[in-house]
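> Top line first, the protein sequences correspond to chains A and B.
If you read the first sequence in the working numbering, its first letter stands for residue 41, the second for the next number, and so on.
If you read the second sequence in the working numbering, its first letter stands for residue -18, the second for the next number, and so on.
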Amino acid sequence: MGPAPEEAVWFDGVSARRQTVVVEVSPDGRGLRFAREVWPLDRLRRIEGEGLVLALAVAEGDELPHDPARLVLAEGALADWVRGRATGLHRRDLKRGTGVKIAGRIALAGVALAAILFVFLPRISDLLADQLPLEQEVVFGQAVLRQVEGMLGAEGSLVCDNPAGLAALEKMERRLTEGQGLTYDIDLSVFDHEMLNAFAAPGGHVVILRGLLDEAETAEEVAGVLAHEIGHVEARDPVRLAFRSAGSAGILALVLGDVTGGTVIAFAGDYILRASYTREAEAAADAFAHDLLERTGVGTEGLAAFFDRIEGMGGDVPEFLSTHPASGNRAEAARSAGGGAEEPVLNAAEWQALRGICG
Amino acid sequence: MDHTGELQVSYRGDPAKLFPLALGTGVLGVITLGIYRFWAKARIRRHVWGQVRVGDDAMEFTGTGLEMFLGFLMAVVVLAVYLAVVQLILFAVGIRFVFDPQNEMQEIAQGISIALSFLAVLPLMLFAAYRARRYKLARTRFRGIRFAMENAAGGYMLRGLIYLLLTVVSLGLLWPLMTYRLEAYMTERTWYGGARFRQGGRWTGLYSAYFHVVVGIVMIGLSVLVAIGGSPGLSGFLGALGAVWGMIGLVIYRVRAFGYLMATKEMDGGLGFRAAPRAGRVVWLYIKGVFIVGLLGGVASAIIFAPLGTMMAGVEEPSALLQVEIAVMGVVAYLLLLTVFGALALVFISQPILGHFVGSVTVTGAEAIDAVRQRVSDRGADAEGLADALDMGGAF
């Protein structure tokens, strides 16, 4: 025996009229009957609100699969009876195909983001990078270098300036660049840091870290690495890389409300230091280096020897040497490129001076 | 006065019900790295909408966390394209001046390019503001009937940009024009079932509400003149006074503008509103709320951080593992505390102020409601995702 009929408020979902109806248990005891409606208990859903607000689950419906009509029961015997028997009151219905829809949207978002980051951005940033005037690029490169110094933990400048060392460095630079018809005016410097690394920044700046001088055994090895970096510079790889990082950083920077451009420079510095160029860019820089070393009579043996040494070191290898064909192959490639040494790059005293440039 | 056909709007919020909900959903948000925030928002809105009564009948929010999450995914893609492209172009232009301005012209260009990178998101924010309101209305029910707003965010964005420019050029004096026109734009596109809303009144009607802001602006203008005249002390005093006056004036303006714009709205069939929110009350509720939040938040931080402190005090030489453990617990405790403060602010600051605004409204000519018929459902494509991605959602 169900509870006695009660008055309730009824919104029919068609008109905004507030209607008072008498609600009773349907004769079979498995539904509520009022006005001309019969709502089966198993399809009743509770809506948040005072008293017991009910909606009817339907296959179609709007954002939730509920009919827009609402029945508001006051707290009392009938409401308690419904709570006791309507099993699906708190069920969260989902429309058919919701799982597929979620998976589809997540996949779509992932694909779109990947396409933006890995296809669209690189293309457009390369395009913009090629438009950048040289003098602006040099200025930008200086800002990036300051950033890199900061990231290497320096308070002030890291540039090594022992006069004899600088003279040796200058000699090496002239040997590699003079009369080669380079687009860029190469600006070569050494940073006082123990990391084994060398990198090129926008605007023709090439930097060797002291760790590389410590590790190298001959001036030809250093010259080989330099030739490789000059290859990057001439191919405008650093500025392209900086633009790519600016695009990605832009997403972050604007969402974070960064309007100073600090994020962009920070990203650029990070990218340059890790120098994650593409395989193709590395191969092109290698080829450039082989050619340059042969033409200047430095010979490729130094570069090959350096690659061999890196190979022997195992895991702890700078990024610019490891993102591509195993170093062994590169050593071989350098050797087979030919070009014997005609004249040493530096004499013994100059080589010692260069190694002591940070002294 | 004749009160037939009037319905009092009221808010029946109860801190004891909202706080557990806000805290629980907030903690879930921390655990799920923020993914749950969409479901949290939907649950809190369902609760808050249910507390708003027009006469005896409650509002209902039918939006779901899932659709907000899906909308967010969509918005992220749109934003990524937009921001990446805009930022790149600005970078390409700005790089020429940003790092090393050579002369005055370039310094100006640098300033402009930095300002531009901020302005680049402004159109999107206006767009998102309209879309967010449209979504909220499309998911609001009263007496089983849907609210809706027309799909016209583009027009809103254009107008918003124009009126913003006018406001800036007029040194803020034309702000009421912007407030009125933008509100009217949205109101005229708002529907309850088959009944449309209209915005009456005039934009000049907002100037009595704007008075104190004008006073503030005039004082700051005077301080500039005095500074040029060569007495920095007086100028500084005038400037500071003007700034404070203007800020308080702004609160008064927001409250009274709400009252004016509400009282001049009407719906088909002769339904209208009376609204009398009081600025003093809003300020008092805010101060009271900040005090309560500070007090309870202080207690909560003591409870959360005390165990951590005692743990650390007992250790003479912490091992590396223990240091990591303490650091992780510190971060968790910090996030938890932020969640507690967020929930407290919602319950003791946002809710009472919302309650005051809602409770200040009376519906007149309510018979018109009975004639309203249902309208079809609006699928609301991005479900506020854009506003969420730009982090511009209000308290509710």
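We treat Cβ as the ideally placed atom computed from N, Cα and C, and that holds for glycine.
(1) Between the segment 222 to 235 of chain B and the segment 193 to 211 of chain B, do at least 3 Cβ pairs fall closer than 8 Å?
(2) When the cut-off is 7 Å and only beta carbons count, does Leu294 (chain A) lie next to chain B?
(3) In the structure shown, what three-state DSSP assignment does Ala176 (chain B) receive?
(4) Is there a C-beta anywhere in chain A that falls below 7 Å from the one on Leu142 (chain B)?
(5) Exposed or buried, Phe272 (chain B), counting other C-beta atoms within 10 Å across all chains shown (16 or more means buried)?
(6) Which partner residues of Asp38 (chain B) appear in the DSSP bridge assignment?
(7) Cβ of Ser204 (chain B) less than 7 Å from any chain A Cβ?
(8) Since Glu46 (chain A) is in the beta strand (DSSP E), which residue starts that stretch and which ends it?
(9) Between the beta-carbon of Ala287 (chain B) and the beta-carbon of Val321 (chain B), is there less than 7 Å?
(10) With 16 other CB atoms within 10 Å as the buried threshold, where does Gly342 (chain A) fall?
(11) Would you kindly check if the distance between the Cβ of Leu206 (chain A) and the Cβ of Phe231 (chain A) is under 7 Å?
(12) Is Thr60 (chain A) helix, strand or coil when you go by DSSP?
(13) With a threshold of 6 Å on Cβ separation, who are the neighbours of Arg27 (chain B) within its own chain once the five nearest residues in sequence on each side are excluded?
(14) With 7 Å set as the bound, which would you pick, yes or no: does the beta-carbon of Ser358 (chain B) sit closer than that to a beta-carbon of chain D?
(15) Over the uninterrupted alpha helix (DSSP H) stretch that includes Trp391 (chain A), give me the two end residues.
(16) Does the beta carbon of Gln(-11) (chain B) come closer than 7 Å to any beta carbon on chain A?
(17) Name, in chain order, the residues that DSSP records as bridge partners for Arg354 (chain B).
(18) Would you kindly check if the distance between the Cβ of Ala256 (chain A) and the Cβ of Val247 (chain A) is under 7 Å?
(19) Please list the partners that Pro108 (chain A) has in chain B, where partner means a Cβ-to-Cβ separation under 8 Å.
(20) Let me see if you follow: with CB-CB separation under 7 Å, is Gly230 (chain B) close to chain A or not?
(21) If you draw a straight line from the C-alpha of Val305 (chain B) to the C-alpha of Glu103 (chain A), how long is it?
(22) Exposed or buried, which one is Glu269 (chain A) when buried takes at least 16 other CB atoms within 10 Å?
(23) Which whole-angstrom value describes the C-beta separation of Leu94 (chain A) and Ile87 (chain A), a residue pair presumed to lie in contact below a C-beta threshold of 8 Å?
(24) Whole-angstrom Cβ separation of Ile285 (chain B) and Ala314 (chain B), contact assumed at under 8 Å?
(25) Glu48 (chain B) versus chain A: which residues are under 8 Å apart at the beta carbon?
(26) Is the beta carbon of Ala259 (chain A) sitting closer than 7 Å to the one on Leu386 (chain A)?
(27) Residues of the segment 24 to 41 of chain B in Cβ contact with chain A at a cutoff of 7 Å, in chain order, please.
(28) Please classify Met191 (chain A) as buried or exposed, where buried requires at least 16 other C-beta atoms within 10 Å of its C-beta.
(29) At the 7 Å Cβ level, is Arg349 (chain A) part of the contact set with chain B, yes or no?
(30) Does the beta-carbon of Ser331 (chain B) have 16 or more other beta-carbons within 10 angstroms, so that it is buried, or is it exposed?
(31) In three-state terms, what does DSSP make of Glu218 (chain A)?
(32) Do the CB positions of Phe108 (chain B) and Ala133 (chain B) come within less than 7 Å of each other?
(33) Find the residues of chain B that neighbour Ser55 (chain A), judging by a C-beta separation of less than 9 Å, and give them in chain order.
(34) So is Glu88 (chain A) in contact with chain B if we call contact Cβ pairs under 7 Å?
(35) Could you confirm whether any beta carbon from chain A is found closer than 7 Å to the beta carbon of Ala(-3) (chain B)?
(36) Could you check how far apart the C-beta atoms of Pro(-4) (chain B) and Phe329 (chain B) are, in whole angstroms? I think they sit under 8 Å.
Looking at the coordinates:
(1) yes
(2) In the first sequence, residue 294 (chain A) corresponds to position 254, counting from 1. Any answer about Leu294 (chain A) is weak, because its pLDDT of 44 lies below 50 and its placement is not dependable; what the coordinates show is given next. So, interface residue.
(3) As a first step, residue 176 (chain B) is located in the second sequence; it is residue number 195 there, counting from the start. Correct three-state label for Ala176 (chain B): strand.
(4) Position 161 of the second sequence, counting from 1, holds the residue named residue 142 (chain B). By this cut-off, Leu142 (chain B) is not an interface position.
(5) The sequence position of residue 272 (chain B) within the second sequence is 291, counting from 1. Counting Cβ neighbours within 10 Å, Phe272 (chain B) comes out exposed, since fewer than 16 surround it.
(6) Within the second sequence, the letter at position 57 stands for residue 38 (chain B). Asp38 (chain B) is bridged to B:Val35.
(7) Position 223 of the second sequence, counting from 1, holds the residue named residue 204 (chain B). So, not an interface residue.
(8) Mapped onto the first sequence, residue 46 (chain A) falls at position 6. Glu46 to Phe51 is the extent of the beta strand (DSSP E) around Glu46 (chain A).
(9) Taking the first residue of the second sequence as 1, we reach residue 287 (chain B) at position 306. Taking the first residue of the second sequence as 1, we reach residue 321 (chain B) at position 340. No, they are not a contact pair.
(10) Here residue 342 (chain A) is taken as the residue at index 302 of the first sequence, counted from 1. Result: buried.
(11) Taking the first sequence and counting its residues from 1, one reaches residue 231 (chain A) at position 191. Taking the first sequence and counting its residues from 1, one reaches residue 206 (chain A) at position 166. The answer is no: Cβ separation not under 7 Å.
(12) In the first sequence, counting from the first residue as 1, residue 60 (chain A) sits at position 20. It is a strand residue.
(13) Reading the second sequence from its first residue, position 46 is the one you call residue 27 (chain B). Closer than 6 Å at Cβ, skipping near neighbours: Phe42.
(14) Absent from the structure: chain D. Protein chains present are A and B.
(15) Counting from one through the first sequence, the residue named residue 391 (chain A) turns up at place 351. Run containing Trp391 (chain A): Ala388 to Arg395, per the alpha helix (DSSP H) assignment.
(16) Counted from its first residue, the second sequence places residue -11 (chain B) at position 8. Judged by the 7 Å Cβ criterion, Gln(-11) (chain B) is not in contact with chain A.
(17) To locate residue 354 (chain B), count along the second sequence from 1; it is residue 373. Arg354 (chain B) pairs with A:Ser55.
(18) In the first sequence, the residue the question calls residue 247 (chain A) occupies position 207. In the first sequence, the residue the question calls residue 256 (chain A) occupies position 216. No, the Cβ-Cβ distance between Val247 (chain A) and Ala256 (chain A) is not below 7 Å.
(19) Residue numbering aside, residue 108 (chain A) sits at position 68 when the first sequence is read from its first letter. Arg122, Gly125, Ile126, Arg127 and Gln355, listed in chain order.
(20) Along the second sequence, one-based indexing puts residue 230 (chain B) at 249. With 7 Å as the cut-off, Gly230 (chain B) does not count as an interface residue toward chain A.
(21) One-based indexing of the second sequence puts residue 305 (chain B) at position 324. One-based indexing of the first sequence puts residue 103 (chain A) at position 63. Approximately 46 Å between the Cα atoms of the pair.
(22) Mapped onto the first sequence, residue 269 (chain A) falls at position 229. Glu269 (chain A) should be labelled buried.
(23) Taking the first residue of the first sequence as position 1, residue 94 (chain A) is located at position 54. Taking the first residue of the first sequence as position 1, residue 87 (chain A) is located at position 47. So it is a contact: roughly 7 Å between Cβ atoms.
(24) Locating residue 285 (chain B) in the second sequence gives position 304, counting from the first residue. Locating residue 314 (chain B) in the second sequence gives position 333, counting from the first residue. Confirmed, Cβ separation roughly 5 Å.
(25) Taking the first residue of the second sequence as 1, we reach residue 48 (chain B) at position 67. Simply Glu103.
(26) As a first step, residue 259 (chain A) is located in the first sequence; it is residue number 219 there, counting from the start. As a first step, residue 386 (chain A) is located in the first sequence; it is residue number 346 there, counting from the start. Contact: yes.
(27) Arg27, His28, Gly31, Asp38, Ala39 and Glu41
(28) Here residue 191 (chain A) is taken as the residue at index 151 of the first sequence, counted from 1. It counts as exposed.
(29) Within the first sequence, numbered from 1, the residue matching residue 349 (chain A) stands at position 309. Chain B contact via Cβ: absent.
(30) Counted from its first residue, the second sequence places residue 331 (chain B) at position 350. Buried is the call here.
(31) On the first sequence, position 178 is the one that residue 218 (chain A) refers to. Glu218 (chain A): coil per DSSP, three-state reduction.
(32) Within the second sequence, the letter at position 127 stands for residue 108 (chain B). Within the second sequence, the letter at position 152 stands for residue 133 (chain B). The answer is no: Cβ separation not under 7 Å.
(33) Counted from its first residue, the first sequence places residue 55 (chain A) at position 15. The answer, in chain order, is Arg124, Gly125, Ile126, Gly174, Asp351, Ala352, Val353, Arg354 and Gln355.
(34) As a first step, residue 88 (chain A) is located in the first sequence; it is residue number 48 there, counting from the start. Answer yes: the Cβ-Cβ gap between Glu88 (chain A) and chain B drops below 7 Å somewhere.
(35) Mapped onto the second sequence, residue -3 (chain B) falls at position 16. So no, Ala(-3) (chain B) is outside the interface.
(36) Counted from its first residue, the second sequence places residue -4 (chain B) at position 15. Counted from its first residue, the second sequence places residue 329 (chain B) at position 348. Rounded, the Cβ-Cβ distance is 7 Å, consistent with contact.
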